[in-house]
Amino acid sequence: MESAVNLVKSSLWSHGPSWLSQSECDWPMKQHREIDEESVLNEKRAHPVNALQVSDKKAEISTLLDLSCFSRLLKVYRITVYVMRFINNIKRNSIKLSGQLSSDEILNAELHWVKIIQRKHFEKEISDLSKGKLLEKTSSIYSLNPFVDEQGFLRLKGRLHFSDFEFSEKHPCLLPYKDQFRQLMILDSHNKLLHAVVEATLTQIREKFWIIKGRQCVKSTLSMCSLCKRYKVRPETQETAPLPPDRVLMSPPFSVTGLDYAGPFFTKGSNDKHYLLLFTCATTRALHLELVPSMNTEQFMLAFRRFISCRGLCSTIYSDNAKTFKCADVELRKLWKYIRHPTVQNLIFSHGIK
């Protein structure tokens, strides 16, 4: 084999092979191999073969579906049923399934997922109990005294074996504490009960399943319910403003006074209306009442004079002139009209009251 240096310096690049410089009759002749008919008939031809490697281990649906991508348990069951239908329909001698999903298919999908979850978290316990061995004391379900039924489900024994309840209620299936499947199951029961509390949701689940640390699981799962969060949120408290100076400064009683009318009140033995004129102290919250037969200006001035004679002069008076009710709008306007009367204002200004 020539080296790279000799190949670069070779004369074949410019002159070609030596026999090209000779006459054509001296060129080497190509030898053709004669093939007889018998060798053609006995020729072995390659035939393509399609091969498929099949594993003896069955692929579980849990490897195809990621439960963390689902928010509803029913959707998981429906997709599981369609996958099980597809597996059944591709078999050669099987009865083809189609049409609407049945309740039996949904139940089979539920049991299928329960068995997958149990095999995933309690594989050693199921293996020991199936072989007739006792559970190790370090097992998380040792105190529950579980057993494996004829279908291979890990169930709780309990004390209701001779009761009239259903078999699933007497011996519920065990579910682990941490798993996405039990979270979807809790939310499904919570929604079916119209967002019930922890106790009602846990009671509904325990009719068929027993979750390890069930109350803690249900409580932590329901705390993630968006609808319950919306209605259980506490309203924001309004920051209270500081009291005005007239409410906190030291002053004699009734120096700062607020007034308003109350009534009408009907007197005994007649249908005449009477009103109460209320005077309240802003600092001590003391109350002074004056009974008046009407809310006109004259009666207000008489009641105000009696108040001044009993309690002394006021430095500031506040009157309620806000519209609190529409039906009282007319009466409030009359009251404001009486207070703004020139006679009342002259009396107030003459005593130096604001």
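Take the sequence shown: its position 100, counted from the start at 1, is 100 in full-length UniProt numbering, and no numbers get skipped.
Idealized CB from N, CA, C, for every residue including glycine.
Original post:
Measuring CA to CA, which of Glu136, Ser18, Asp104 and Asp188 is closest to Lys75?
Top reply: Asp188
Original post:
If we count the other Cβ atoms within 10 Å of its Cβ and call it buried at 16 or more, is Arg155 buried or exposed?
Top reply: buried
**OP:** Give me the Cα-Cα distance between Thr240 and Lys273, rounded to the nearest whole angstrom.
**Re:** Take the alpha-carbon of Thr240 and the one of Lys273: they are about 40 Å apart.
Original post:
Taking only runs of the alpha helix (DSSP H) that begin and end inside the stretch 151–196, which ones reach a length of at least 4 residues, in chain order?
Top reply: For the stretch 151–196, whole alpha helix (DSSP H) runs of length 4 or above, ordered along the chain, are 167–170 and 180–192.
**OP:** In angstroms with no decimal places, state the Cα-to-Cα distance between Gln118 and Ser94.
**Re:** 29 Å
Original post:
Got a sec? Which residues, its chain only, sit under 7 Å from Tyr77 by beta carbon, not counting five neighbours each side?
Top reply: Ile106, Ala109 and Glu110
Subject >> Continuous alpha helix (DSSP H) stretch holding Lys120: start and end >> reply: Ser103 to His121
Subject >> Buried or exposed by the 16-neighbour rule on C-beta atoms within 10 Å, applied to Pro172 >> reply: buried
Original post:
Looking at C-alpha atoms only, which residue of Gln345, Gln238, Ser103 and Tyr82 is the closest neighbour of Phe300?
Top reply: Gln345
Subject >> 8 Å CB neighbourhood of Thr343 in its chain, flanking five on each side removed >> reply: Beyond the five residues adjoining it in sequence on each side, Thr343 comes within less than 8 Å, by CB distance, of Thr297 and Met301 in the same chain, given in chain order.
Original post:
Of all the options Tyr177, Phe162 and Phe165, which has the alpha carbon lying nearest to the alpha carbon of Ile141?
Top reply: Tyr177
Subject >> Delimiting residues of the alpha helix (DSSP H) encompassing Ile205 >> reply: Val198 to Ile205
Subject >> Range of the contiguous beta strand (DSSP E) that encloses Thr80 >> reply: Premise fails: Thr80 lies in the alpha helix (DSSP H), Leu73 to Asn89, not in any beta strand (DSSP E).
**OP:** Return the CA-CA distance between Cys225 and Ile211, expressed in angstroms with no decimal places.
**Re:** One C-alpha to the other measures close to 19 Å.
**OP:** Please classify Ala4: is it buried, with 16 or more other beta-carbons within 10 angstroms of its beta-carbon, or exposed?
**Re:** Ala4 is exposed by the Cβ-count criterion.
Original post:
In whole angstroms, what separates the C-alpha of Gly263 from that of Leu276?
Top reply: 6 Å
Original post:
Asp66 to Phe181, Cα distance in whole Å?
Top reply: Approximately 10 Å, taken between the alpha carbons.
Subject >> Residue range of the unbroken beta strand (DSSP E) whose run includes Cys25 >> reply: Segment: none, Cys25 is in no beta strand (DSSP E) and carries neither H nor E.
**OP:** Might you give, ordered along the chain, the residues of its own chain that have their beta carbon closer than 6 Å to the beta carbon of Ile61, omitting 5 neighbours on each side?
**Re:** Correct list, in chain order: Thr80 and Val83.
Original post:
In three-state DSSP terms, what is Ser319?
Top reply: Strand at Ser319.
**OP:** With DSSP as the reference, please indicate the residues paired to Gly258 in a beta bridge.
**Re:** Thr280 and Tyr318
Subject >> Contacts around Gln183, its chain only, beta-carbon distance under 6 Å, and the 5 residues preceding and following it disregarded >> reply: Same-chain partners within the cutoff: Thr221.
Subject >> Buried versus exposed call for Thr63 [16 or more other C-beta atoms within 10 Å across all chains shown] >> reply: exposed
Original post:
If you draw a straight line from the alpha carbon of Phe153 to that of Glu125, how long is it in whole angstroms?
Top reply: 11 Å
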